[in-house]
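Below is one structure, written out as structure tokens; the observations come after it.
Chains as they are written, first to last, in full-length UniProt numbering: chain A, 1 to 622; chain B, 1 to 622.
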């Protein structure tokens, strides 16, 4: 690289600074100082190192860039502006309601793969992309992830680093913009680049310390990274927050604030070439070696379930059976687990198609982050599984997956008190609420093995976020193998001619409801029982129609806490109806260890509690 | 220490093994192999190193022990059995519904400070205890945390290590039982103790590698730890899973399963002294130098709010004001933040009482974990604050805090679309659902500065988990400074003689409701507006009474997603009532960036949307 190129990269870096300051001044908010520290890093990546398809930024063969420090998006927007991809007018209109150039980046933009802004999440997503590149696409594209130093306090960064080194992701480069300053004070490590580098090294990365404002050092580091085999590279780039902004550079109290616009002058003076460079800069082109993939949503056909009515099968086991069969049907279905694969039965896919399975060990944040990374640019349909309770560990990653409009499937096993003796730490009791809060997510709660297989198949075939709630105990198969299931359509599993109440249960509580119905029958009280199949969307029409037939009485019963659960969803669904009464049974307190049946009884969701609730509903106490 | 003692410790370790095998055989479930690997570690800690008060295990001056690998609780129960604190009958009755000796440890037991079982959380809690010991109690007690190697894949472990070294917690010792095997396969690092030690070293710990079955090496390591200044110590103890169990030791596929009871024989043969040792073993006694603390719940009086009606103050700011005043009233009120203290206003406490504030940097899991640790044995009333959205990062820690029956207060700022331009990654839109799922938690949603101050005061004075939801925008003060607030009691903030509807709003939407009421008034439609103050518990009586007065129509409006939010809580509260209709307004989709008012409008929770909802409620479309 000649002298002229170095000067050009320095000039571009300063243009990125100027643009970052201008656009945040125009918006009257944003993060110019966090952008300025990264200007040379972004300039060298975009205009020398990375292979980019300007015309089609999501070209599957192009290099990926993840801005884990999402608040620095002005510098990223500026790079795409300098590339000629964002107009000046658009750039000066960031953060408005009518633009996709939001305050933090989201995939509404064609050059963003994953939303960022909740710190520490980008490297997991980048690792997922790199895994896809190395092992699934077997292509040459590389993945670059720019992190802040403050966010390296997030444990998820280290989960990702451990994963990346375990899987020898030498196509992954993490660059830390070590600008010393967090939002409110100096970070834990300040400017101790050696200390941070030692951490990345101990987590298995090849580590390079550079002056992050020196384009030559940066370019050399990228070159070394490209030559490094069997290890990811971490570049610790020492920088200054607000670099180049007179009076603000390296000063505290300038996080997330526009700076005076006249500070641009000093930066402009550093430009060797003051000419407009927009769109004139060369960018390296991708080598088109990633396979063309069209994910066959709606057409992934699974061999049908093969059970006999009454067979005792846990829904978690049926999930594993279905996942392995879906793996036969579609090589881009990838299973992931957090060292629970013999409990969630995701190991069935591993056994049949080892190349379609990624063990993520006990690191659920990274498990979900990697899944989000895998699904970018339609490289895979990831199915991540662990105990339902442990998806709460990744609640923030799931929240961000929604902002990323990601296509990931989560299967959570071991739900509710019905897991028994292992006790409350292992019981998923808030997972329905967690996944119901996710905009657009589908929440499957299959009650038998046939339903669980179909839920898995439907999840695979439907773009977006889906959760499949599976149980630990083996329960009888109640549906025929050819039963048709649809998202948002419930089933009446027990009907009557003169019902007094509609009971809505799912999973273990559906079986309790059936026992209750038998008991009530012996008292000449008839009930209807509904299996909702999906809790979101909920089959409101069937609920209302059935409740109307059942003297407007509904009893809901769930192995889950109250908030955000089935009961509240049903109450909400009938809230605009006249006269329908709902009585909800749920787990009220932190449960104990014990045998499943005893726990169902103790926490008021057993057949006996349902019978009592029906009695009380029919004859309310004064 | 003489030879006899070493032999005695070896004997005790083998007794712990035998007991662990026996009790899990009796329970027909549990984790004997994960217990056996840790037998010497636990034996040396309990019967030589730690200062323990058998008569009063929660003596504030005694050393703390946190079993982060909670599934290994049989070995811990065995230690307390050998100490004479748990009877043989109780030990042989673990995991039953009538015992506190659960499948994973919880503070129902007098010798447990924090519940464990969700892996990777113990070290944060231990760090909180060590912080309390060193900086708040200024006492000599030490904190020992036993981790598994598998759980070291959890990022939260590294958040805790970074925190512990930053704060020079030389009274903290982490011991990793590196038994190589996870639940389903070898861990990422297997038996590479050097690699794991390097990680702890790079995170600022003094690190020692030992043979974890060698009691002399263990005792030496504890001694070195005691002599280490200004650094926590991490002991990487190489062990074998199922150590001592013939045919099972170091074998895969033996996680979480009882082993044949006859395997005890081989272990018994290793006992030098076969006599019953129960209760005869000496344990070191604590030095009683921790101050006696009686937290004055119900009596922490804060200087009253000082606002004028109409003053524009954000509730987050009022939270900070109240927190600082509470800090005046009670030196054991400790603020914690995740590098957002100038946004959450927790910095007000830091400025006034720097010794009552702990900066936890951008690591929310550890933020909550440290808070849980601080509150153990009533050492502190911790107030943890960050953006509400980022509490989702600690959802699993919060779930476990409930299992720990912890007394922690969380204040989440920047809720909803009303934060504006920073966009969806920063917007708390599921925090009400998250905290409502926590059994027994109080969810405060103060709408003005007076209410926010009182919510903070009530949170301090009430044992348990509390969440205070605060907003970013400055809104007018609507309550007088002497207004009384109670948990579970709402307020009618706008009344009418012939109301057509009850509107329930909180925070920003309460102001939108007031604007809507003005508009409706101009159409001669009267409404009542209710401020619920706490969403959990919810003032059901006031809602029903007010709805009855308002022609049985309720409109809820919230800056939050639907699931588990105010609307669903209200629907649930009135589900047993005749004729009450509820119409709920909430944020339906992933929002965009934009000005707050434009976002309220776009996402259907503005005054205009409320007016429309009232119209539709009065005149429902066919």
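Don't be surprised by glycine CBs; every beta carbon is placed ideally from N, CA and C.
**Report entry** Cross-chain neighbours of residue 228/A in chain B, by beta carbon under 8 Å
**Finding:** Numbered from 1 along the first chain, position 228 holds the residue referred to as residue 228/A. Here the premise fails: no neighbours, minimum Cβ distance about 18 Å.
Query raised in the report: DSSP state of residue 183/A, grouped into three classes?
Result: Within the first chain, residue 183/A is the residue found at index 183, counting from 1. Of the three classes helix, strand and coil, the one that applies to residue 183/A here is coil, per DSSP.
Query raised in the report: Is the shortest distance between the beta-carbon of residue 563/A and the beta-carbons of chain B less than 9 Å?
Result: For the purposes of this step, residue 563/A is identified with residue 563 of the first chain, where counting begins at 1. Interface residue, yes.
Query raised in the report: With a CB to CB cut of under 7 Å and the five nearest residues on each side skipped, what residues in its chain are close to residue 32/B?
Result: Start at 1 with the first residue of the second chain, and residue 32/B comes out as number 32. Same-chain partners within the cutoff: 20, 21, 24, 74, 258, 259.
Report task. Report yes if the CB atom of residue 507/A is closer than 9 Å to the CB atom of residue 315/A, and no otherwise. Result -> Residue mapping note: residue 507/A aligns to position 507 of the first chain, counting from 1. Residue mapping note: residue 315/A aligns to position 315 of the first chain, counting from 1. It is a contact, given that the beta carbons lie within the stated cut-off.
Query - Which listed residue (602/A, 68/A, 52/A) has its alpha carbon closest to that of residue 61/A - result: As a position in the first chain, residue 61/A is number 61, starting the count at 1. When only C-alpha atoms are compared, the closest one is 52/A.
Query raised in the report: Can you tell me whether residue 362/B is buried or exposed, with buried defined as 16 or more other CB within 10 angstroms of its CB?
Result: For this step, residue 362/B is matched to residue 362 along the second chain. Buried, because 16 or more other Cβ atoms sit within 10 Å of the Cβ of residue 362/B.
**Report entry** Contact list for the region 201-212 of chain B against chain A, Cβ threshold 9 Å
**Finding:** 201, 202, 203, 204
Query - From 290/B, 231/B, 230/B, 263/B, residue whose alpha carbon lies closest to that of residue 245/B - result: As a working note, residue 245/B is residue 245 in the second chain. The shortest C-alpha separation from residue 245/B is found at 263/B.
Query raised in the report: Are any of the Cβ atoms in chain B nearer than 9 Å to that of residue 22/A?
Result: Numbered from its first residue, the first chain carries residue 22/A at position 22. Not closer than 9 Å to any Cβ of chain B, the Cβ of residue 22/A fails to qualify, so no.
Query - Any chain A beta carbon closer than 9 Å to residue 97/B - result: Numbered from 1 along the second chain, position 97 holds the residue referred to as residue 97/B. Residue-level contact check: residue 97/B touches chain A, since one or more beta carbons of chain A fall below 9 Å from its beta carbon.
Query - chain B residues whose Cβ lies nearer than 9 Å to that of residue 120/A - result: To locate residue 120/A, count along the first chain from 1; it is residue 120. Result: 155, 362, 363, 393.
Requested in this report: Give a yes or no on whether the C-beta atoms belonging to residue 333/A and residue 412/A are separated by under 9 Å.
Outcome: For the purposes of this step, residue 333/A is taken as the residue at position 333 of the first chain. For the purposes of this step, residue 412/A is taken as the residue at position 412 of the first chain. In this structure, residue 412/A does not lie closer than 9 Å to residue 333/A by Cβ.
Query raised in the report: Can you tell me the Cα-Cα spacing of residue 514/B and residue 581/A, whole angstroms?
Result: What you label residue 514/B is simply residue 514 of the second chain in a count that begins at 1. What you label residue 581/A is simply residue 581 of the first chain in a count that begins at 1. Roughly 31 Å separates the two Cα atoms.
Query - Opening and closing residue of the beta strand (DSSP E) in which residue 382/B lies - result: One-based indexing of the second chain puts residue 382/B at position 382. Per DSSP, residue 382/B belongs to the beta strand (DSSP E) from 381-387.
Query - Euclidean distance between Cα positions of residue 329/A and residue 212/B - result: The sequence position of residue 329/A within the first chain is 329, counting from 1. The sequence position of residue 212/B within the second chain is 212, counting from 1. Each residue's Cα considered, the two are about 48 Å apart.
Query raised in the report: By DSSP, does residue 436/A sit in helix, in strand, or in coil?
Result: The sequence position of residue 436/A within the first chain is 436, counting from 1. In this structure, residue 436/A counts as helix in the three-state DSSP scheme.
Requested in this report: Return yes when the Cβ of residue 489/A is within less than 9 Å of the Cβ of residue 542/A, no when it is not.
Outcome: For the purposes of this step, residue 542/A is taken as residue 542 along the first chain, with counting starting at 1. For the purposes of this step, residue 489/A is taken as residue 489 along the first chain, with counting starting at 1. Yes, these two residues count as a Cβ contact at 9 Å.
Requested in this report: Taking residue 240/B and residue 37/B to be in contact with their CB atoms under 8 Å, please state how far apart those CB atoms are, rounded to whole angstroms.
Outcome: As a working note, residue 240/B is residue 240 in the second chain. As a working note, residue 37/B is residue 37 in the second chain. Separation of the CB atoms of residue 240/B and residue 37/B is rounded to 6 Å, and the pair is thereby assigned contact status at 8 Å.
Query raised in the report: With burial defined as no fewer than 16 other Cβ atoms inside 10 Å of the residue's Cβ, what is the status of residue 15/A: buried or exposed?
Result: Here the question's residue 15/A lines up with position 15 in the first chain. So residue 15/A counts as buried.
Query raised in the report: What does DSSP give as the partner residues of residue 476/B in its beta bridges?
Result: Looking up residue 476/B in the second chain gives position 476. Residue 476/B pairs with 312/B.
Query raised in the report: Out of 90/A, 214/A, 351/A, 370/A, which has the shortest C-alpha to C-alpha gap to residue 645/A?
Result: The question about residue 645/A has no answer here: the residues shown for chain A are numbered 1 through 622.
Query raised in the report: Do three or more CB pairs link the region 192-200 of chain B to the region 161-180 of chain B at distances below 8 Å?
Result: yes
Query raised in the report: Hey, is residue 77/A close to the ligand NAP, as in C-beta under 8 Å from one of its heavy atoms?
Result: The ligand NAP is not part of this structure, which contains no ligands at all.
Query raised in the report: Rounded to a whole number of angstroms, what is the C-alpha to C-alpha distance between residue 523/A and residue 509/A?
Result: The sequence position of residue 523/A within the first chain is 523, counting from 1. The sequence position of residue 509/A within the first chain is 509, counting from 1. C-alpha separation (whole angstroms): 21 Å.
Report task. Take residue 281/A and list the residues in its own chain whose beta-carbon comes closer than 6 Å to its own, dropping the five residues that flank it on each side. Result -> Locating residue 281/A in the first chain gives position 281, counting from the first residue. Correct list, in chain order: 47.
Query - Beta-carbon proximity of residue 439/A to residue 470/A, cut-off 9 Å - result: As a first step, residue 439/A must be located in the first chain, where it is residue number 439. As a first step, residue 470/A must be located in the first chain, where it is residue number 470. No. Outside cutoff.
Report task. Could you please tell me which residues of the region 323-353 of chain B, in chain order, have their CB closer than 9 Å to any CB of chain A? Result -> 337, 338, 339, 340, 341, 342, 343, 347
Query raised in the report: Out of curiosity, what's the CA-to-CA distance linking residue 550/B and residue 528/B?
Result: For this step, residue 550/B is matched to residue 550 along the second chain. For this step, residue 528/B is matched to residue 528 along the second chain. Near 7 Å, if we compare the C-alpha coordinates of residue 528/B and residue 550/B.
Requested in this report: Indicate whether residue 120/B and residue 156/B have their beta-carbon atoms separated by less than 9 Å.
Outcome: Here residue 120/B refers to the residue found at position 120 of the second chain. Here residue 156/B refers to the residue found at position 156 of the second chain. It is a contact, given that the beta carbons lie within the stated cut-off.
Report task. For the alpha helix (DSSP H) containing residue 234/A, list its first residue and its last residue. Result -> Translated into positions along the first chain, residue 234/A becomes position 234. From DSSP, residue 234/A is part of no alpha helix (DSSP H) but of the beta strand (DSSP E) over 233-238.
Report task. Using a threshold of 9 Å, state whether the C-beta atoms of residue 49/B and residue 214/B are closer than that. Result -> Mapped onto the second chain, residue 49/B falls at position 49. Mapped onto the second chain, residue 214/B falls at position 214. Contact flag unset, no.
Requested in this report: Starting from the C-beta of residue 324/A, find all residues in its chain whose C-beta is less than 6 Å away, skip the five residues before and the five after it, and write them out in chain order.
Outcome: Position 324 of the first chain, counted from the first residue, corresponds to residue 324/A. 348, 349, 352, listed in sequence order.
Query raised in the report: Between the region 242-254 of chain B and chain A, which residues of the former have CB atoms less than 9 Å from a CB of the latter, in chain order?
Result: 253
**Report entry** Which residues DSSP lists as bridging residue 64/B, in chain order
**Finding:** On the second chain, position 64 is the one that residue 64/B refers to. Residue 64/B is bridged to 143/B.
Report task. Could you pull out every residue in the same chain whose Cβ sits closer than 6 Å to the Cβ of residue 207/A, ignoring the five residues on either side in sequence? Result -> In the first chain, residue 207/A corresponds to position 207, counting from 1. Hits under 6 Å: 197, 200, 201, 234.
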